[in-house]
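The structure appears right after this line, and notes come after that.
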Amino acid sequence: MSIPNLSEKELSALRFLRNEILHGKKSPSVRDLKEYLGYGSPRSAMIIIDKLIEAGFLERDSSQKLRLLRDPENIGKAQTIDVPIVGSAPCGSPLLSEENIDGTVAISTLIAKPPYKYFLLRADGDSMNRKGINDGDLVLVKQQLTAEENDAVVALIDNEATIKEFHQTPNAIILKPESDNKEHKPIVVTSDFQIQGKVIQTLPKLSSYL
Numbered sequence: 267m268s269i270p271n272l273s274e275k276e277l278s279a280l281r282f283l284r285n286e287i288l289h290g291k292k293s294p295s296v297r298d299l300k301e302y303l304g305y306g307s308p309r310s311a312m313i314i315i316d317k318l319i320e321a322g323f324l325e326r327d328s329s330q331k332l333r334l335l336r337d338p339e340n341i342g343k344a345q346t347i348d349v350p351i352v353g354s355a356p357c358g359s360p361l362l363s364e365e366n367i368d369g370t371v372a373i374s375t376l377i378a379k380p381p382y383k384y385f386l387l388r389a390d391g392d393s394m395n396r397k398g399i400n401d402g403d404l405v406l407v408k409q410q411l412t413a414e415e416n417d418a419v420v421a422l423i424d425n426e427a428t429i430k431e432f433h434q435t436p437n438a439i440i441l442k443p444e445s446d447n448k449e450h451k452p453i454v455v456t457s458d459f460q461i462q463g464k465v466i467q468t469l470p471k472l473s474s475y476l
């Protein structure tokens with residue numbers, strides 16, 4: 267098996283690290299890889315690990331232990347996860363409660379990347395059409411409770427879900443529409459709202475099949 271952009275040495279290192287992560291008793295270290303590859307210096311092993319992280323096969327968790335993101339044994343095989351489709355959230359009901367889920371869609375893990383959780387939300391209206399989100403489109407949302415400037419987010423306001431662009435000022439949060447329709451106005455909130463996730467991708471054509 268060959269993987270584009272990885273040398274045979276890097277692929278050998280990836281297989282070793284993969285087996286250690288999945289089957290070993292401890293997280294592999296730079297020294298472990300150095301000894302496996304027969305290098306005299308740990309720097310060369312560190313360079314390979316950095317390349318594998320950059321290529322999206324590995325990451326370091328909060329304790330700096332290596333974690334496998336993409337299994338080299340599954341390259342070329344379709345990898346999907348079932349992502350729930352969420353309808354409009356009725357008042358008082360959490361967005362991802364069972365009664366709001368309209369089904370699931372198998373989404374590639376290259377799009378819905380583990381270990382994060384995702385959901386699909388059907389856009390209602392044209393308040394974000396300048397961002398390519400039109401009425402009836404499905405948007406893929408990564409579940410998270412925080413956002414950064416200019417992120418398109420799903421927020422709960424008065425227990426209703428809305429998709430808006432996130433902006434933060436010293437005294438308030440502004441949820442801004444990005445629309446050709448001038449009737450849509452920014453929503454200014456403080457602590458009286460909750461972020462449910464960040465919009466990762468719009469899937470407009472998918473909605474016509476569901």
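Residue numbering for the sequence shown follows the numbering used here, beginning at 267 and increasing consecutively.
Even for Gly, the Cβ is constructed at its ideal location relative to N, Cα and C.
Just so you know, these numbers come straight off a predicted model, no measurement behind them.
Looking at the secondary structure, which residues open and close the alpha helix (DSSP H) in which residue i lies?
i	result
D337	Where D337 is concerned, there is no enclosing alpha helix (DSSP H), given that its DSSP letter is neither H nor E.
I315	P308 to E320
I377	Where I377 is concerned, there is no enclosing alpha helix (DSSP H), given that its DSSP letter is neither H nor E.
S278	E274 to H289
Y305	That residue, Y305, is in no alpha helix (DSSP H); it is neither H nor E in DSSP.
Where do the ends of the beta strand (DSSP E) carrying residue i lie?
i	result
I399	No beta strand (DSSP E) contains I399, which DSSP labels as neither H nor E.
L441	I439 to K442
Y384	Y384 to R388
E325	L324 to R326
Could you pull the DSSP bridge partners for residue i from this structure?
i	result
Q409	G463
K430	V419
V352	I367 and L387
I453	L441
T468	V405
L332	R326
Beta-carbon within less than 8 Å of residue i's beta-carbon, same chain only, minus the 5 sequence neighbours each way: which residues are those?
i	result
A321	N271 and L272
C357	With a pLDDT of 36 at C357, under the threshold of 50, the modelled position of that residue is not reliable, and the figure given next carries that caveat. Counting only Cβ-Cβ distances below 8 Å, and skipping sequence neighbours, we find D424, N425 and E426.
D417	E431, F432, K464 and V465
Alpha carbons only, please: which of the options is nearest the one belonging to residue i?
i	options	result
Y382	I287, K464 and L299	K464
P350	P470, R297 and V405	V405
E276	M312, G290 and H289	M312
L335	L303, Y305, G398 and I377	I377
S329	D298, K292 and G304	K292
L472	S457, I461 and T370	T370
Please list, in chain order, all residues of the same chain as residue i whose beta carbon is under 7 Å from its beta carbon, the five residues on each side excluded.
i	result
T375	Q345, T346 and I347
R442	For the sequence presented, residue 442 should be read as Lys rather than Arg. Taken in chain order, the residues that qualify are K430, E431, H433 and P452.
Only counting the same chain, and skipping five residues up and downstream in sequence, which positions put a Cβ closer than 6 Å to that of residue i?
i	result
F459	A421 and I423
L318	L280 and L324
Let me confirm a value: residue i is counted as buried when at least 16 other C-beta atoms fall within 10 Å, else exposed. Which label applies?
i	result
P294	buried
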